[in-house]
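Student:
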Amino acid sequence: MKKSLILLSFTLLTISNGIAQSKDNEDSNEGSTFNKWTVELNAGNSKGLKPYTTGYFASNTDSYFGSFALDSYGIGVRYMISPKFGFKLDLSSDLLENNKDTDSRIFKVQQYRIGVQGVINAARFLDMQKELGRFGLLFHGGIQIAQMTPKLAIDDDGKANPAYNHTEDNGGIIFGISPEFRVTKKISLMTDISFASNLRQNFNWDGHWDKEPTNLTGSMVTTTFGITYSLGKGEIHGDWADIDDKKSANFKALDDKVSELENMLNDTDKDGVPDYLDAENNSITGIAVDTKGRMVDTNKNGVPDELEKFMDKTYVGKSKDPKTSDTAIAEVIKKLINEGYATVYFDSNKSNLTNISTEGVDFILNFLRSNPTTSVDITGHADEIGNTKSNQKLALTRATNVKNTLIKAGINPYRLNVKSEGEDTSVDPKSKDARSLVRRVTFKIKN
């Protein structure tokens, strides 16, 4: 009796936990489409464990698992109120007889049982759907009631059975485990092992009244094999359907937002202005910038003021010939351009210019206007994400767009030569920030 009460407590706890889980998941699965109804058909063996009248028993001790006979047939319908928890109603018919290969006395008992149980999709509950693939696992437990009727009028000793055709009501708890295997989109095969513990049972399993009037307990184990069919508009059986979890989607969106904010606070050119405020994220290291990250150029001649002061001090101060100093300044700027300090950056998988990238084009434009005899190689680059052939084409398109912008700004097209370097493998392709540094166009002054 104590064991039965413990099992009943366990079953009720399972159901209550399932209901709580269902409530927690109600919002997260609102609007999710999956087949909630499932029909189950099964057949197998039921075996009464205890009690038995002396001389009666069901198992064959000389065989594994006490022998098997096809004597149990069942049907059930299940409704999942959430992807992890549901309820099922099941009916079964069990014909319990003695094993003819044993020395047990003859008996024959018919039982009809109905059960109401809670069901947990253990594969989802344990988050093992991907690992299990087509396999699944269900836990179930609840209450059951049964009607038990002895069907043998005369015992093997020639005496009449006073309990013949007399029906008694049994009741108690039931719990079990059901491994599954999905064979088509909506059909699965299932094995079920269930244990029933009756808290009210007047008959022994051999169809005779128990001699102990205080004995009101009994137990039975049922092993069945069957098939399930999932009802609904969903293409996949409800036990395996992909569920759109809104909570998970919200967490992912929040995580993406945090990542986006982190990227916005990056400072690519280390000028003290975060990238989301930086209108020129390729400024020369050490050169003063304004609040928008642009190198300070008061006279708008395309040369940052601090760099211009350095060149004036270094060259103009040492040479009284203005032409000599202009030539020297031009050579310094040419060197900076050729070493990649003037760069045009692009968004991922994009070839159109942005507000930030036009700053680099403006620098080259001013140099070409100040030096009308020079020509320039315009070289496009791409990161390693995607197809190599497509990236080669993307890099060329980026360089071509920069060339077209310079042409529209008045530069002779014969001074502009377009090239593609394709993928730049100099950075870690797994780093989003590092990849942003190689999605660019660089320049090389030719003469």
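The sequence shown: position 402 = 424 (this note's numbering), numbered continuously. The C-beta atom is built at its ideal place from N, Cα and C for all residues, glycine as well.
Once you ignore the five residues that flank D369 on each side, which residues in its own chain have a CB closer than 8 Å to its CB?
Tutor: T376 and R461
Student: Buried or exposed, going by whether 16 or more other CB atoms sit within 10 Å of the CB of T244?
Tutor: buried
Student: Tell me the DSSP bridge mates of W231?
Tutor: F225
Student: Report the rounded CA-to-CA distance for V318 versus I309, giving the unit in angstroms.
Tutor: 8 Å
Student: At which residue ranges does the region 102-149 contain complete alpha helix (DSSP H) runs of 4 or more residues, listed in the order of the chain?
Tutor: 144-147
Student: Leaving out the 5 sequence neighbours to the left and right, which residues in its chain are closer than 7 Å to F129 when beta-carbon positions are compared?
Tutor: Within the same chain, F129 has close Cβ partners Y78, E119, N120, L174, D228 and G229.
Student: For T419, report the span of its beta strand (DSSP E) as first-last.
Tutor: Segment T410 to K430 is the alpha helix (DSSP H) holding T419; no beta strand (DSSP E) there.
Student: Quick check: the region 416-434 against the region 442-449, are there 3 or more CB pairs under 8 Å?
Tutor: yes
Student: Please look up how many angstroms separate the CB atoms of P296 and L287, rounded, as I've assumed it's under 8 Å.
Tutor: 5 Å
Student: DSSP three-state call for P451: helix, strand or coil?
Tutor: Looking at P451 - three-state DSSP - the assignment turns out to be coil, as it is neither helix nor strand.
Student: Roughly how many angstroms separate the alpha carbons of T464 and L358, rounded to a whole number?
Tutor: 11 Å
Student: Let's test the definition: count the other Cβ atoms within 10 Å of the Cβ of K425 and tell me whether it reaches 16, buried, or not, exposed.
Tutor: buried
Student: Select from R391, A431 and D450 the residue whose C-alpha is nearest the C-alpha of D405.
Tutor: D450
Student: Following the continuous beta strand (DSSP E) through F389, name the residue where it begins and the one where it ends.
Tutor: It is not in any beta strand (DSSP E) - F389 instead sits in the alpha helix (DSSP H) that spans S379 to S392.
Student: Near G108, what residues of its chain come up, given a Cβ to Cβ distance below 7 Å and the 5 sequence neighbours on each side ignored?
Tutor: R100, Y101, M102 and V141
Student: Can S379 and V398 be called in contact, C-beta distance under 7 Å?
Tutor: no
Student: Can you tell me which of the three DSSP states D289 falls into?
Tutor: In the structure shown, the three-state DSSP call for D289 is coil.
Student: Going by CA-CA distance only, name the one from G158, K110, H403 and L117 that's closest to V138.
Tutor: When each option's Cα is compared against that of V138, the closest is K110.
Student: Would A144 and F161 qualify as a contact pair, given that the criterion is a beta-carbon distance under 7 Å?
Tutor: yes
Student: Just how far apart, CA to CA, sit Q43 and G193?
Tutor: In this predicted model, Q43 has a pLDDT of only 45, less than 50, meaning its place in the structure is not dependable enough to derive any value.
Student: If you draw a straight line from the alpha carbon of N16 to that of L428, how long is it in whole angstroms?
Tutor: Not covered by the structure: residue 16. The range shown for the chain is 23 to 469.
Student: Suppose you measure from the CA of S115 to the CA of T76; what does that come to, to the nearest Å?
Tutor: Straight-line measurement puts the Cα of T76 at about 26 Å from the Cα of S115.
Student: Roughly how many whole angstroms lie between the Cα atoms of Y9 and Y95?
Tutor: Because the chain here runs from 23 to 469, residue 9 falls outside it and cannot be looked at.
Student: Below 8 Å on the Cβ atoms is my contact criterion, and I expect E202 with L159 to pass it. Report the Cβ-Cβ distance as a whole number of Å.
Tutor: 7 Å
Student: Buried or exposed, going by whether 16 or more other CB atoms sit within 10 Å of the CB of I407?
Tutor: Result: exposed.
Student: When the Cα atoms are used, what is the spatial distance from A352 to N388?
Tutor: 12 Å
Student: Please confirm whether Y251 and I209 have their CB atoms less than 7 Å apart.
Tutor: yes
Student: Based on Cα-Cα distance, which residue from K58, P326 and K466 lies nearest to K255?
Tutor: K58
Student: For V318, name the three-state secondary structure that DSSP assigns.
Tutor: V318 falls in the coil class under three-state DSSP.
Student: Output the distance between the C-alpha atoms of N360 and V354, rounded to the nearest integer angstrom.
Tutor: 10 Å
Student: Is the distance from the Cβ of A263 to the Cβ of F56 below 7 Å?
Tutor: yes
Student: Pick out whichever of K466, I433, F225 and K454 has its Cα sitting closest to the Cα of I400.
Tutor: K466
Student: Leaving out five residues before and five after N67 in sequence, what residues of the same chain have Cβ atoms less than 8 Å from its Cβ?
Tutor: F90, A91, L92, D93, S94, T244, T245 and T246
Student: Does DSSP put L211 in a helix, in a strand, or in coil?
Tutor: Note: L211 maps to strand in three-state DSSP.
Student: Measure from the alpha carbon of Q223 to the alpha carbon of each residue in T422, N272 and Q133, then state which is nearest.
Tutor: Q133
Student: So, for A431: in the same chain, excluding its five sequence neighbours on each side, which residues have a beta-carbon less than 6 Å away from its beta-carbon?
Tutor: Contacts found: L387.
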